[in-house]
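Engineer: Take this structure, written in structure tokens, and hold onto it; I'll ask about it next.
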Amino acid sequence: DSGVTQTPKHLITATGQRVTLRCSPRSGDLSVYWYQQSLDQGLQFLIHYYNGEERAKGNILERFSAQQFPDLHSELNLSSLELGDSALYFCASSEAVGGGPYGYTFGSGTRLTVV
Amino acid sequence: DAKTTQPPSMDCAEGRAANLPCNHSTISGNEYVYWYRQIHSQGPQYIIHGLKNNETNEMASLIITEDRKSSTLILPHATLRDTAVYYCIVRVATSSARQLTFGSGTQLTVLP
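Order-wise, the sequence lines are chains A and B. Going by the numbering used here, 107 is the number at position 107 of the first sequence; the sequence numbering is gapless. Count along the second sequence starting at 1, add 115, and that's the number in the numbering used here.
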């Protein structure tokens, strides 16, 4: 157990629908990062939040949005889902903006399947 | 962040040392070398990082050349559970650092 909790572990939904993925960072970590990994693809950075504020955006689609709440958990919202959105979505946390002395701690991911 | 080059795949016999190379010829003086691994479909796992000196922890050793243009991750006694994609990432480690950027990594297969 890495200390980063992602729910749900698996999600199957239809095209056009909207889903919310949840991430609880490791205790004490203020930064949350979201990554997408499509089948046989690399890890693509989506967005970074630090203590409730958005700090950086990667190749995140306009249909996707995220937020970090006062208790530091984060949610990634995916809307108007398409087949190509099927992927593993990982959340990572760190104690600082830059990753702290031991880098990032990743969760076990949410596998999203759009049918 | 400096670009890294890793071989796409490597094999290693179980019980032997696995030596994974990484080239980072454009590394800057304030950039660290980080290694992560991703066992199939699991979240990436931090292994080790270093700046100039060689580093060792319970998982692995990191050897950085004197000119810092390349490094080698060493798994001293590889097991089947070490089969994974290994990522070498070069980046600064300050409060203003950006997110981790993952390349293609090296698929290490440990053979019985």
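Each residue gets a CB set at the ideal place from its N, CA and C atoms; glycine is no exception.
(1) At a CB distance below 8 Å, what residues from the segment 156-169 of chain B approach chain A? Give them in sequence order.
(2) Could you check whether the segment 79-91 of chain A touches the segment 6-23 of chain A, counting it as contact only if at least three pairs of C-beta atoms, one from each stretch, sit closer than 8 Å?
(3) When the Cα atoms are used, what is the spatial distance from residue 16 of chain A to residue 79 of chain A?
(4) Tell me whether the beta-carbon of residue 146 of chain B lies closer than 9 Å to the beta-carbon of residue 193 of chain B.
(5) Give the interface partners of residue 219 of chain B over in chain A, defined as CB-CB distance under 8 Å, in chain order.
(6) Apart from the five residues on each side of it in sequence, which residues of its chain come closer than 6 Å, Cβ to Cβ, to residue 187 of chain B?
(7) Closest by CA to residue 167 of chain B, which one among B/151, B/161, B/160 and B/184?
(8) Please confirm if residue 149 of chain B has its CB atom under 9 Å from at least one CB of chain A.
(9) Between the C-alpha atoms of residue 74 of chain A and residue 65 of chain A, what's the straight-line distance to the nearest angstrom?
(10) Would residue 48 of chain A pass as an interface residue toward chain B - the criterion being a Cβ-Cβ separation below 9 Å?
(11) Between residue 153 of chain B and chain A, is there a C-beta pair that is closer than 9 Å?
(12) How about residue 92 of chain A: is its C-beta nearer than 9 Å to some C-beta of chain B?
(13) Considering only their Cβ atoms, is the gap separating residue 63 of chain A from residue 43 of chain A smaller than 9 Å?
(14) Can you give me the C-alpha to C-alpha distance between residue 124 of chain B and residue 224 of chain B, rounded to a whole angstrom?
(15) Between residue 4 of chain A and chain B, is the shortest Cβ-Cβ distance under 9 Å, so that the two count as touching?
Structural biologist: Put simply:
(1) Against chain A - using a Cβ distance shorter than 8 Å - the residues of the segment 156-169 of chain B are 156, 157, 158, 159, 160, 161 and 164.
(2) With three or more CB-CB distances shorter than 8 Å, the segment 79-91 of chain A counts as touching the segment 6-23 of chain A.
(3) Your numbering for residue 16 of chain A matches position 16 in the first sequence. Your numbering for residue 79 of chain A matches position 79 in the first sequence. Straight across, the Cα-Cα distance linking residue 16 of chain A with residue 79 of chain A is about 7 Å.
(4) On the second sequence, residue 146 of chain B is found 31 positions in, with the first residue counted as 1. On the second sequence, residue 193 of chain B is found 78 positions in, with the first residue counted as 1. Contact flag unset, no.
(5) Taking the second sequence and counting its residues from 1, one reaches residue 219 of chain B at position 104. Near residue 219 of chain B (Cβ distances below 8 Å), the residues of chain A are 42.
(6) Your numbering for residue 187 of chain B matches position 72 in the second sequence. Hits under 6 Å: 134, 136 and 178.
(7) The residue you call residue 167 of chain B lines up with position 52 of the second sequence. If we check each option's Cα against that of residue 167 of chain B, B/184 comes out closest.
(8) Position 34 of the second sequence, counted from the first residue, corresponds to residue 149 of chain B. Closer than 9 Å: yes.
(9) Indexing the first sequence from 1 puts residue 74 of chain A at position 74. Indexing the first sequence from 1 puts residue 65 of chain A at position 65. Spanning the two alpha carbons is a distance of roughly 11 Å.
(10) What you label residue 48 of chain A is simply residue 48 of the first sequence in a count that begins at 1. Yes - at least one Cβ of chain B is within 9 Å of the one on residue 48 of chain A.
(11) Taking the second sequence and counting its residues from 1, one reaches residue 153 of chain B at position 38. At least one beta carbon of chain A lies nearer than 9 Å to the beta carbon of residue 153 of chain B.
(12) Taking the first sequence and counting its residues from 1, one reaches residue 92 of chain A at position 92. Among the residues facing chain B, residue 92 of chain A is included, as its CB has a counterpart in that chain under 9 Å away.
(13) Against the first sequence, residue 43 of chain A aligns to sequence position 43. Against the first sequence, residue 63 of chain A aligns to sequence position 63. Result no, Cβ atoms of residue 43 of chain A and residue 63 of chain A do not sit closer than 9 Å.
(14) Residue numbering aside, residue 124 of chain B sits at position 9 when the second sequence is read from its first letter. Residue numbering aside, residue 224 of chain B sits at position 109 when the second sequence is read from its first letter. Distance between the alpha carbons of residue 124 of chain B and residue 224 of chain B: 8 Å.
(15) Counting from one through the first sequence, the residue named residue 4 of chain A turns up at place 4. Judged by the 9 Å Cβ criterion, residue 4 of chain A is in contact with chain B.
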